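Worksheet for the structure shown next.
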Amino acid sequence: MEDPYLPLVVAPPHGDPHEYLDKFYAKSDWYDLSDAVYYKVFHTTLSKRALAWFNQLAAGTISSLEQLTQCFLYHVFMNKRVQKMAAFLFTIRQKENESLRDYIQRFVEVVHEVPHVNHELLASIIHQNLLPGRFKESIAGKPPSTMEDLLMRLQKYNWVEESNASDPSLSVKRKGLEEEKSQKRRKKASMYLRRGLHTIPA
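Going by the working numbering, the first residue of the sequence shown is number 436, and it counts up by one from there.
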């Protein structure tokens with residue numbers, strides 16, 4: 436018999452377990468499966484947390500298809516998370532000694548639980564929640580236009596951060612170059628001021 440093509444569960448909080456079960460039985464009924472085969476096929480349609488739950492069921496726990504259905508629904512509703520509001524994002528602050536990569540990953544995971552947050556608000560929240568640093572300055576100077584833009588820029592600054600951590604001499608060199616550029620700008624400004632010019636070329 437050809438393996439049935441069955442719907443894939445969307446792990447909570449996004450999926451509707453009743454809708455999933457309706458689709459599962461509608462597809463499965465075409466094949467006139469026994470309860471034992473239903474049970475074996477059921478786990479192939481699960482994803483992520485639902486599959487993790489199924490795999491930890493002890494042998495002999497489920498004795499009927501009806502019991503499997505009830506246990507599944509109970510698991511989904513017990514683990515269904517309440518949607519968070521946008522204000523909750525302000526509490527996701529970068530911790531001391533937390534890398535940019537770890538912080539943004541933690542932040543993005545929470546963003547997925549908050550409905551309808553535009554990128555302008557996200558940029559403002561991230562800027563407020565970041566520890567002082569070049570990435571924070573970059574966001575302040577030019578806010579990211581999309582979440583994808585934010586992540587791309589993060590990769591750049593994360594590479595710099597990790598390079599500095601693995602080779603402190605690189606950080607010293609960068610600081611030296613920045614200080615050298617700053618001194619040149621100050622000298623240029625001083626020169627134009629002595630000449631009585633008010634507009635200083637960049």
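Cβ coordinates follow ideal geometry from the N, Cα and C atoms, glycine included. Note that this is a predicted model, so its numbers are computed, not measured.
Contact check for Gln529 against Leu566 passes: the beta carbons are separated by less than 7 Å. Considering only Ser598, Ser580, Met520, Glu548, the residue with the shortest C-alpha distance to Leu535 is Ser598.
The alpha-carbon separation between Ala558 and Ile527 amounts to approximately 13 Å. Here Val549 is near Ala521, since their CB atoms are less than 7 Å apart. The closest CA to that of Lys591, considering only Val511, Phe570, Val472, Ser498, is found on Phe570. For Val472, the enclosing alpha helix (DSSP H) starts and ends at 470 to 477. Arg528 sits in coil when the DSSP states are folded into three classes, being neither helix nor strand.
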